[in-house]
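For the sequence shown, UniProt numbering assigns the number 1 to the initial residue and increments by one for each residue that follows.
Okay, so here's the structure we're looking at.
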Amino acid sequence: MENSTQSTLFNISELKLSSSSGHPSMPVIGLGCSVDKSDIDALKLVVLEAIELGYRHFDTAAIYGTEKALGEAIAEALRLGLVSSREQLFITSKLWCQDAHRDHVIPALKKSLSALQIEYLDLYLIHWPISSKPVEMGFAPVPKEDLLPMDYKGVWEAMEDSQTLGLTKSIGLSNFSCKKIETILTFAIIPPSINQIEMNPLWQQKKLRIAKAHGKTVAQVSLRWIVEQGATVVVRSLNKERMKQNMGIFDWELVDDDYKKINQIPQRRLIPSDFWVSPQGPFQTPEELWDD
1 MENSTQSTLF NISELKLSSS SGHPSMPVIG LGCSVDKSDI DALKLVVLEA IELGYRHFDT
61 AAIYGTEKAL GEAIAEALRL GLVSSREQLF ITSKLWCQDA HRDHVIPALK KSLSALQIEY
121 LDLYLIHWPI SSKPVEMGFA PVPKEDLLPM DYKGVWEAME DSQTLGLTKS IGLSNFSCKK
181 IETILTFAII PPSINQIEMN PLWQQKKLRI AKAHGKTVAQ VSLRWIVEQG ATVVVRSLNK
241 ERMKQNMGIF DWELVDDDYK KINQIPQRRL IPSDFWVSPQ GPFQTPEELW DD
């Protein structure tokens, strides 16, 4: 690996989080740790290379099966002096559907912390706005017969407890619609810090010509567009050159003409409407899941 002084090449913006304790901001670009099972062994080296490049935000989840590998990489980075302390890193993980129950939240979080070999998370998210029976963890789709209505109030109270106990600095949501967020806000004492959702100007497989005008890649233009919306972004790549390119979005800006062209792109979700369809049938209609 190259010398860790490379990390000074990029001045990464941070987003101030509301309802946070002790760590009020997070880097606006992070490395996503959702990888194929065949790539889990390589993830440790990828994370170390990312830290050398300047990444400080890493996003994982219980369902990804990568918490252990990420934890080993964090421990190695500290041992090698790539970062001087755990506090220099921003670590996000997520609560999976089978643990989205009042009494399961904190045990699930503690299990994630054990796998990560850290004492606290910077951000803990409810992965999806659904619950399932506490069966063996497996990736989506969740079989229809295993699905249960989520106790939003009970689960969110447990999330709040996890922050109060210092197990996580911030709590939030993932893949929640506006209506479901409004439901959470009716009883939340600690409001969600963020809602992690799909956000991408390239809904269709079209290349933006404006990328050439800036001397940037299409991916860089897309990432810059997200950052300029005031949002943070989690990227996923095991390629070191692309990881480096993804960091090169902070010393230039999109112009009005760029926005006009981006706004003309037809919109559609990249997560298919039948994403949650199991062999037994859909657990609910897309309208119920995405009730904007």
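All C-beta atoms, glycine included, are put in the ideal place defined by N, C-alpha and C.
It should be emphasised that the depicted structure is a prediction, and the values quoted were computed from it without experimental measurement.
| query | result |
| --- | --- |
| Where M159 sits in the DSSP three-state scheme | helix |
| Contact under 8 Å by Cβ, D122 with T92 | yes |
| Distance, Q98 Cα to S34 Cα | 18 Å |
| Whole-angstrom distance between A108 and P192, CA atom to CA atom | 19 Å |
| Rounded distance between the beta-carbons of V47 and A75, thought under 8 Å | Not really, about 11 Å apart at Cβ, beyond 8 Å. |
| In chain order, each alpha helix (DSSP H) run of at least 4 residues that lies wholly inside the segment 48-90 | 67-80 |
| Beta-carbon contacts of E14 that lie in its chain and below 8 Å, excluding the five residues immediately before and after | S25, M26, P27, V28 |
| Range of the contiguous alpha helix (DSSP H) that encloses P107 | 105-116 |
| CB-CB length for residue 329 against I106, believed under 8 Å | For residue 329 there is no data in the structure shown, the boundaries of the chain being 1 and 292. |
| Enclosing beta strand (DSSP E) for L123 [first to last residue] | 123-126 |
| N- and C-terminal bounds of the alpha helix (DSSP H) containing E182 | 178-185 |
| Close Cβ partners of S20 (< 8 Å) along its chain, the five nearest in sequence each way excluded | K169, S170, S193 |
| N175, buried or exposed, once every other Cβ within 10 Å from all chains shown has been counted against 16 | buried |
| Of the listed residues L70, G65, A100, I210, nearest to H127 (C-alpha basis) | A100 |
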